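One structure is given below, encoded as structure tokens.
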Amino acid sequence: MSKKIAGPFFFILLLSLFAGLFLLNRWIQSKIGNIIENPIQEIPVQPVPPEAAGKAAPKKRLTGEVLKKTRMAPDRTFELSIFYQDGEEIARHRVDRKGALYDQTGIIPDGKVKFVNETNETYGAEIYKDGKRYGPMKVFYKDGVLMQESYYQFGRLVTSKEYFHNGTLRMEVDYSDAREYDDGRDVGTGKVYSQDGRLKYEWKLTNTDPVGYQKSYNRQGALTGEVYFDGSGNIIPPNPQPAHP
């Protein structure tokens, strides 16, 4: 290429370069102006829920009254009791035919618990402490007549009285000094009455008394049967009748 041609070529190239830089500068300035006039809106940041942060959400504290609903199993081998507070289930357990409690889940709050027995349509109130009955309990027939009044300590029945619907005493028991056996026999002291108030049956088997007994009576009040027990719970044979000459 000759020097005469190269000179104008480089001049045109430099002129084009300066023109491009000028146009680029104008474009950048226009974009900066748009950003100033229309700033970027700040996107609100939502708080991270405790679950997403690896923490369990705080559980709602229940403060309402506690209601226990009880019903008998279809095969009548146990009673199922479910405890509710503010409409939510908080605990449940089963009670076998001997009164032993098992399969308990959840926590029963200390204090008064109202209950409804859906099988025999009775209701009442009792006190719980450390998950066990503690203190007085009253049961009412569905029409409000008193059916039973009892007292518990640490889940153990201490005393109880049951009434017929007419208000007559049906049964009274006291287990405060009762011996302990696994064969289901009547222990402590107790009496069973007929609806007219007549004594039908009574027993006494306590730690304090070395000799216990069970006695039954007929409608006329006459003794029809009696059994005595020694301190170990063994039956004491009756005295032999004297032989006739």
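Under my numbering, the residues of the sequence shown are numbered 1106 to 1350, in order.
Using N, Cα and C, we set each Cβ at its ideal position, and we do this for glycine too.
This structure is a prediction, so every number in the text was calculated from the model and none was measured.
Short Cβ contact (8 Å threshold) for residue i with residue j
i, j, result
"residue 1286", "residue 1292", "yes"
"residue 1265", "residue 1278", "yes"
"residue 1174", "residue 1221", "yes"
"residue 1199", "residue 1183", "yes"
"residue 1243", "residue 1229", "yes"
"residue 1281", "residue 1305", "no"
"residue 1203", "residue 1338", "no"
"residue 1247", "residue 1226", "yes"
"residue 1197", "residue 1206", "no"
DSSP three-state assignment for residue i, whether helix, strand or coil
i, result
"residue 1212", "coil"
"residue 1223", "coil"
"residue 1148", "Residue placement at residue 1148 cannot be trusted, given a pLDDT of 41 that sits under 50; what the coordinates show is reported in the next sentence. Correct three-state label for residue 1148: coil."
"residue 1189", "strand"
"residue 1334", "strand"
"residue 1247", "coil"
"residue 1196", "strand"
"residue 1319", "strand"
"residue 1292", "coil"
"residue 1175", "strand"
"residue 1241", "strand"
"residue 1201", "strand"
"residue 1229", "strand"
"residue 1311", "strand"
"residue 1184", "strand"
"residue 1207", "strand"
C-alpha gap between residue i and residue j, whole angstroms
i, j, result
"residue 1216", "residue 1231", "8 Å"
"residue 1295", "residue 1267", "11 Å"
"residue 1190", "residue 1171", "5 Å"
"residue 1344", "residue 1311", "23 Å"
"residue 1316", "residue 1193", "51 Å"
"residue 1235", "residue 1255", "19 Å"
"residue 1145", "residue 1209", "Model confidence at residue 1145 stands at a pLDDT of 44, short of 50, so the residue's coordinates are unreliable; what they give is reported in the following sentence. Going from the Cα of residue 1145 to the Cα of residue 1209 covers about 60 Å."
"residue 1331", "residue 1303", "17 Å"
"residue 1237", "residue 1245", "21 Å"
"residue 1325", "residue 1301", "12 Å"
"residue 1211", "residue 1195", "6 Å"
"residue 1342", "residue 1335", "10 Å"
"residue 1318", "residue 1269", "26 Å"
"residue 1241", "residue 1262", "10 Å"
"residue 1340", "residue 1309", "13 Å"
"residue 1176", "residue 1169", "23 Å"
"residue 1181", "residue 1201", "9 Å"
"residue 1333", "residue 1313", "15 Å"
Buried versus exposed call for residue i [16 or more other C-beta atoms within 10 Å across all chains shown]
i, result
"residue 1213", "buried"
"residue 1233", "buried"
"residue 1178", "exposed"
"residue 1078", "Residue 1078 lies beyond the range of the chain shown here (1106 to 1350); nothing can be said about it."
"residue 1148", "Here residue 1148 scores only 41 on pLDDT, less than 50, and its place in the model should not be relied on; the value that follows carries that caveat. Under this definition residue 1148 is an exposed residue."
"residue 1283", "buried"
"residue 1275", "buried"
May I have a chain-ordered list of the beta strand (DSSP E) segments no shorter than 3 residues that lie completely inside the segment 1251–1281? 1251–1258, 1261–1268 and 1274–1279
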